[in-house]
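In our numbering, the protein residues as written are 7 to 274. Please read the structure below before turning to the comments.
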Amino acid sequence: MIIALASLRVAASIDDGLDKIKQSISEAAVQDASIVCFPEAYLPGLRGQDFEVPHFDESHQERALNAVSEWSRANKIAAILGMERVTGEGRQVAAFVIDGEGQLQGLQTKNQLDPTEDRFYVPGATRQLFEIKGLKFGIAICHEGWRYPETVRWAAVRGAKIVFHPQHTGNNREGVLLKEWGASDGRPYYEKAMACRSIENTIYFASVNYALRYQESATSLIAPSGECVGHLPYGQEGLLVHSIDPDAATGLLASRYAPERCQESMAE
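Next comes the structure, spelled out in structure tokens:
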């Protein structure tokens with residue numbers, strides 16, 4: 007199976023973001039991808055960063071879902087759309103899964119928020135396993151995949167061959183210009199965490215970042231061995247298209263997880 011990861015620049019508006027999404031879906035389909043995944047909260051943009059987030063309400067959410075559903079159907083490709091979810095309790099960060107027939111399969115909310123996000127979002131409380139063309143997968147959103155590895159293992163122990171990881175790390179104003187993937191030079195640990203999430207579960211891990219001037223991690227595909235088999239250049243907008251071998255994602259180490267062996271010992 008071929009997957010695509012769309013690393014896009016921050017959208018200047020909802021319309022600009024939709025245009026970029028439409029183009030990415032079309033380009034991914036031309037390259038025979040079965041699924042294309044977008045960054046975290048790409049519409050309207052992740053709050054609390056170094057850019058203005060345009061107004062976004064339920065009408066924008068519905069419009070975006072309808073548009074992406076139509077583009078997925080027309081191009082016969084599934085999409086994982088990183089977008090805010092407007093609820094009665096507040097805004098959530100979510101990833102909406104739309105299949106190649108344009109049908110909404112479900113969504114995954116971000117359930118473990120970064121502490122700096124508490125003033126903008128409310129967490130979700132459930133997890134879902136998805137399936138496209140026989141490929142089972144899960145989704146862990148940004149901070150979840152970095153700091154809460156159990157969010158990835160949740161999908162792996164249920165048969166996921168890959169976990170998609172929409173994220174935002176870095177900014178456009180200041181920072182260090184990274185040059186080498188995974189280098190041990192005091193840089194942020196994110197790319198090392200990607201390798202850990204794959205190798206500790208024996209599955210693929212697909213991390214999708216924005217295209218930022220000072221990116222702190224590359225949009226990357228990690229094999230079940232923990233090897234980075236493909237990544238996009240730092241700071242460049244683009245589409246990472248790569249084949250995966252679901253049979254290689256055995257989930258061996260995840261399947262050996264034995265929570266019953268973690269019971270609290272009674273004091274003698």
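Positions of the beta carbon are idealized from the N, C-alpha and C atoms, including for glycine.
Whole-angstrom Cβ separation of residue i and residue j, contact assumed at under 8 Å?
| i | j | result |
| --- | --- | --- |
| T208 | T256 | 5 Å |
| Y154 | Q118 | 5 Å |
| A101 | I41 | With 8 Å as the limit, A101 and I41 do not qualify as a contact, their Cβ atoms being about 12 Å apart. |
| G108 | R79 | 3 Å |
| I20 | L49 | 6 Å |
Using DSSP bridges, identify the partner residues of residue i.
| i | result |
| --- | --- |
| L49 | M89 |
| V247 | A10 |
| F143 | F136, I168 |
| N177 | Y220 |
Tell me which residue opens and which closes the alpha helix (DSSP H) that residue i is part of.
| i | result |
| --- | --- |
| V158 | 156-162 |
| A80 | 64-81 |
| Q199 | The question names Gln, but residue 199 in the sequence shown is Ala. Segment 196-205, the alpha helix (DSSP H) holding A199. |
| L183 | Unbroken run through L183: none, as it is neither H nor E. |
| A260 | 258-261 |
Look at the Cβ atom of residue i, then the Cβ atom of residue j, and state whether they are nearer than 8 Å.
| i | j | result |
| --- | --- | --- |
| A229 | S204 | yes |
| W160 | G181 | no |
| A166 | K142 | yes |
| Y216 | V74 | no |
| F57 | A12 | no |
| V247 | A34 | yes |
| L184 | Q242 | no |
| L110 | L135 | no |
Can you tell which of the options has its C-alpha closest to the C-alpha of residue i?
| i | options | result |
| --- | --- | --- |
| S249 | R159, G51, Y210, G130 | Y210 |
| E137 | E156, C234, V103, S231 | V103 |
| E95 | Y127, L245, A84 | Y127 |
| G51 | E33, Q29, D251, L87 | L87 |
| V169 | A260, A70, A18, H66 | A260 |
| D38 | R133, L245, L258 | L245 |
Over what stretch of residues does the beta strand (DSSP E) that includes residue i continue unbroken?
| i | result |
| --- | --- |
| V235 | 234-237 |
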